[in-house]
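Following my numbering, the numbering of the sequence shown begins with 6 at its first residue and continues without gaps. As structure tokens, the structure follows; a few thoughts come after it.
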Amino acid sequence: MGGKEYYPPRGLRDIVGRQALVYEYVFNEFRRISRLHGFQPVLPPTIEYYRLFEEKSGEEIKKTMYVFEDKAGRLLALRPEVTASITRIYLRKLRGEVKPIKLYYVSQCFRYEEPQFGRYREFWQGGLEVIGVKDVSGDLEAAFTASRFLDVLGLKHKYIVGNVAIHRSLMRSYGIPLDVQDHVLHLIDKSMIDEAISVLNEYNVEAGMAMKDLLSRSMDELESFIDEYKDVLVDVDRVIFENERLIGFINNLRELGYEAVYDPRLVRGLAYYTGLIYEYKTIGSKLRISIGGGGRYDGLSTVYGGPYEYFTGLALGLDRIILALENSISVLQGLDAAVILSADIPISYGLKIKYRLEEYGLSSMIIVVRKIGKGVRLASKKSARFALIIGKREYSNGMISVKDLSSGVQVEVPLESLPFYLYVKQKFNSLD
Ligand code: HAM
């Protein structure tokens, strides 16, 4: 293998050492907090039929999808996100469950994007999805759970909030076809506001003007906007409901002490959103990009041939969260004990000791050596706290020599009392 083959493909990473421990810690904390807030785990497949994402993932994500044929000619994709799979899994396996259904996942996703700081071709999402809740409590419960996770990690964050239901309703009212609506929202998402307005102008100049108006309103001005357009809007009651959801979401988050701001230009890249949408940004870190996003995707089930259902959820970009926290996460490296076994002693003897250490929650590894001194040096290099030495003499006496590798102090203890002894010594942090 030449030097180049040691690299993973562009945009993919080998995560090792301290960084791997940080990833594990963050995954576990996400799972722990999700479970504490009543979410259940789900493990969707990494590969799906391409058609699952084809219709509703949005222009941007469709362009960046890894698509391929398997050996039987099926058109498949590496998942660019997990929400489409969740909707499919709900229809196939969870439809009979009592609602609300609340699910979480820690899943890697793939997008063939141009790699840059915080943007990878394989990345990890921690996601929360709520099925069967119409009112804003579903949105808030997911968002609050995510916020608590970020709080536990010590990451200050804020919410940027919008509601595409209002934009869509406005366009529908002017007879703009659905695919054009999607395109206009895509352009707004890319901050190409003038282009978005001129696309609308081609259909209806009034639609262009109304959208321009909507994009300039603050949250406090939305009510008067709806009032001014009430004769134009085909579903004014829905728009009023969605506006109340938006205000309710923001006010409740503020009540909980989180910063939340309305941005009429927020539309998000995914085409399945039908209402409230939001993104997470960090406060006081140099990371400017979104660390997460979510929203309402009510009725996505009908796109897959199922009955209408209420859906809301979010996904956090765990790689970006780890980047934002830089080195502030402390993880324990190293080992509690290295079991140093002389080469002529049965390995099973050493493994039995590991078994007993495990029962006390002490981590260990086996080192088999001809010369005990070499084993002790290796144990130090592996950052073990204790070297548990079993030479010929210790083996025949049923004893173990325990060396504290930080102080260098060594004592001999009977095998039976070893785990308890270590456990206590470690707690009191001395060995003499
Ligand atoms: P999304 O905004 O496309 O939403 O992705 C969620 C988060 O994943 C982003 O905010 C970002 O932090 C992270 N992310 C996206 N692309 C990359 C990348 N190339 N490298 C590193 N991190 C990245 C969704 O995927 C929706 N499924 C969220 C959702 C769940 N909506 C409702 N339920």
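Ideal placement from N, C-alpha and C gives every residue a C-beta, glycine not left out.
Threshold first: 3 residues or longer. Then list the beta strand (DSSP E) segments lying entirely within the region 110-144, N to C.
127-136
In three-state DSSP terms, what is Tyr-30?
Stepping through the sequence shown from its first residue, residue 30 is reached at position 25. Correct three-state label for Tyr-30: helix.
Please name the residue in Val-374, Arg-97, Val-87 and Ile-136 whose C-alpha comes closest to that of Cys-114.
The sequence position of residue 114 within the sequence shown is 109, counting from 1. Selected option, being the one with the closest Cα: Val-87.
Quick check on Phe-391: buried or exposed, where buried means 16 or more other Cβ atoms within 10 Å of its Cβ?
In the sequence shown, counting from the first residue as 1, residue 391 sits at position 386. With 16 or more other Cβ atoms within 10 Å, it is buried.
Alpha carbon to alpha carbon, what distance is there between Ser-223 and Ile-335?
Your numbering for residue 335 matches position 330 in the sequence shown. Your numbering for residue 223 matches position 218 in the sequence shown. The sequence given here has Ser at residue 335, not Ile. Taking the straight line from one Cα to the other gives about 41 Å.
Ignore the nearest five residues each way along the sequence and tell me which others in Arg-259's own chain have a CB closer than 7 Å to its CB.
If you number the sequence shown from 1, residue 259 lands on position 254. Cβ neighbours of Arg-259 beyond the five flanking positions: Ala-265.
Just the C-alpha distance for Lys-9 and Gly-16, rounded to the nearest angstrom, thanks.
Here the question's residue 9 lines up with position 4 in the sequence shown. Here the question's residue 16 lines up with position 11 in the sequence shown. In a straight line, the C-alpha of Lys-9 is about 15 Å away from that of Gly-16.
Tell me which same chain residues have a C-beta within less than 6 Å of the C-beta of Asp-194, skipping the five on either side of it?
Along the sequence shown, one-based indexing puts residue 194 at 189. These residues qualify, in order along the chain: Val-272 and Gly-274.
Looking only at its chain, what residues have a beta carbon closer than 8 Å to the beta carbon of Leu-81, apart from the 5 residues adjacent to it on each side?
What you label residue 81 is simply residue 76 of the sequence shown in a count that begins at 1. Once the five neighbours on either side are set aside, the close Cβ partners of Leu-81 are Ile-52, Glu-53, Tyr-54, Tyr-55, Val-72, Phe-73, Glu-74 and Asp-75.
What residues match up with Glu-74 in a beta bridge as DSSP calls it?
Translated into positions along the sequence shown, residue 74 becomes position 69. Glu-74 is bridged to Leu-80.
Apply the 10 Å Cβ neighbour rule to Lys-61 and answer buried if 16 or more other Cβ atoms are within range, or exposed otherwise.
For this step, residue 61 is matched to residue 56 along the sequence shown. Flag for Lys-61 reads buried.
Length-filtered (4 minimum) alpha helix (DSSP H) runs lying within the region 147-184
169-178
Opposite Pro-5 in the DSSP bridges: which residues?
Given a span of 6 to 437 for the chain in the structure shown, any question on residue 5 remains unanswerable.
To which residues of the same chain is Tyr-208 closer than 6 Å at the C-beta, ignoring the five residues directly before and after it?
Here the question's residue 208 lines up with position 203 in the sequence shown. Here the set comprises Ile-181.
Does the beta-carbon of Asp-95, which I'm using as the reference point, lie nearer than 7 Å to any heavy atom of the ligand HAM?
Against the sequence shown, residue 95 aligns to sequence position 90. A quick correction: the sequence has Tyr, not Asp, at residue 95. No, the Cβ of Tyr-95 stays beyond 7 Å of every heavy atom of the ligand HAM.
Rounded to the nearest angstrom, what separates Leu-281 and Lys-161 at their Cα positions?
Locating residue 281 in the sequence shown gives position 276, where the first residue counts as 1. Locating residue 161 in the sequence shown gives position 156, where the first residue counts as 1. Near 22 Å, if we compare the C-alpha coordinates of Lys-161 and Leu-281.
Decide if the region 335-345 is in contact with the region 382-400; the criterion is three or more beta carbon pairs, one per stretch, under 8 Å apart.
yes
Give me the Cα-Cα distance between Gly-101 and Leu-420, rounded to the nearest whole angstrom.
Sequence index remark: in the sequence shown, residue 101 carries index 96 (1-based). Sequence index remark: in the sequence shown, residue 420 carries index 415 (1-based). Looking at the two C-alpha atoms, the distance is approximately 55 Å.
Which whole-angstrom value is the C-beta distance of Leu-158 and Leu-330, which I expect to be below 8 Å?
Counting from 1 along the sequence shown, the entry for residue 158 is found at position 153. Counting from 1 along the sequence shown, the entry for residue 330 is found at position 325. That belief holds up - the Cβ atoms of Leu-158 and Leu-330 are roughly 6 Å apart, short of 8 Å.
Would you say Ala-89 and Leu-321 are within 8 Å of each other, going by their C-beta atoms?
Stepping through the sequence shown from its first residue, residue 89 is reached at position 84. Stepping through the sequence shown from its first residue, residue 321 is reached at position 316. Cβ distance not < 8 Å, so Ala-89 and Leu-321 don't count as in contact.
Paired residues, beta bridge with Ile-282 - DSSP:
For the purposes of this step, residue 282 is taken as residue 277 along the sequence shown, with counting starting at 1. The partner list for Ile-282 (beta bridge, DSSP) reads Gly-167 and Gly-300.
Should Thr-88 be counted as a contact of the ligand HAM given a C-beta to heavy atom distance under 7 Å?
Translated into positions along the sequence shown, residue 88 becomes position 83. Yes, the Cβ of Thr-88 comes within 7 Å of a heavy atom of the ligand HAM.
Closest residue to Tyr-519 among Thr-279, Leu-292 and Asn-248 (Cα-Cα distance)
The chain is shown only over 6 to 437; residue 519 falls outside these bounds and no answer can be derived.
How long is the line joining the alpha carbons of Gly-366 and Leu-427, rounded to whole angstroms?
Your numbering for residue 366 matches position 361 in the sequence shown. Your numbering for residue 427 matches position 422 in the sequence shown. Approximately 11 Å, taken between the alpha carbons.
According to DSSP, what are the bridge partners of Gln-45?
Position 40 of the sequence shown, counted from the first residue, corresponds to residue 45. Answer by DSSP bridge pairing, in chain order: Leu-108.
Taking the straight line between their C-alpha atoms, what separation do you get for Gly-312 and Pro-105?
Taking the first residue of the sequence shown as position 1, residue 312 is located at position 307. Taking the first residue of the sequence shown as position 1, residue 105 is located at position 100. The sequence shown places Pro at residue 312, not Gly. Straight-line Cα distance between these residues: approximately 16 Å.
Is Glu-447 buried or exposed, if buried means 16 or more other CB atoms sit within 10 Å of its CB?
Outside the displayed range of the chain (6 to 437) lies residue 447, so it cannot be described from this structure.
Decide yes or no for the touch test of the region 395-413 against the region 345-363: beta carbon pairs closer than 8 Å, at least 3 of them.
yes
Among Gln-24, Tyr-309, Gly-355 and Ala-25, the one whose alpha carbon lies nearest that of Tyr-400:
Position 395 of the sequence shown holds residue 400. If we check each option's Cα against that of Tyr-400, Gly-355 comes out closest.
Give me the Cα-Cα distance between Glu-59 and Glu-249, rounded to the nearest whole angstrom.
Counted from its first residue, the sequence shown places residue 59 at position 54. Counted from its first residue, the sequence shown places residue 249 at position 244. Whole-angstrom Cα-Cα distance: 32 Å.
To the nearest angstrom, report how far apart Val-27 and Phe-44 are at their CA atoms.
As a first step, residue 27 must be located in the sequence shown, where it is residue number 22. As a first step, residue 44 must be located in the sequence shown, where it is residue number 39. Going from the Cα of Val-27 to the Cα of Phe-44 covers about 23 Å.
Give the list of continuous beta strand (DSSP E) stretches no shorter than 3 residues that lie fully inside the region 234-291.
264-267 and 281-287
C-alpha gap between Leu-192 and Leu-323, whole angstroms
Start at 1 with the first residue of the sequence shown, and residue 192 comes out as number 187. Start at 1 with the first residue of the sequence shown, and residue 323 comes out as number 318. When rounded, the distance between both Cα atoms is 27 Å.
Nonlocal neighbours in the same chain, by C-beta distance under 8 Å from Leu-99, ignoring five residues either side:
Start at 1 with the first residue of the sequence shown, and residue 99 comes out as number 94. So the qualifying residues of the chain are Ile-106 and Ile-136.
Inter-residue CB distance, Gln-338 and Arg-18 (contact presumed, cutoff 8 Å):
Counted from its first residue, the sequence shown places residue 338 at position 333. Counted from its first residue, the sequence shown places residue 18 at position 13. Actually they do not touch by this definition, with Cβ atoms about 20 Å apart.
First and last residue of the uninterrupted alpha helix (DSSP H) at Leu-219
For the purposes of this step, residue 219 is taken as residue 214 along the sequence shown, with counting starting at 1. First-last of the alpha helix (DSSP H) with Leu-219: 210-220.
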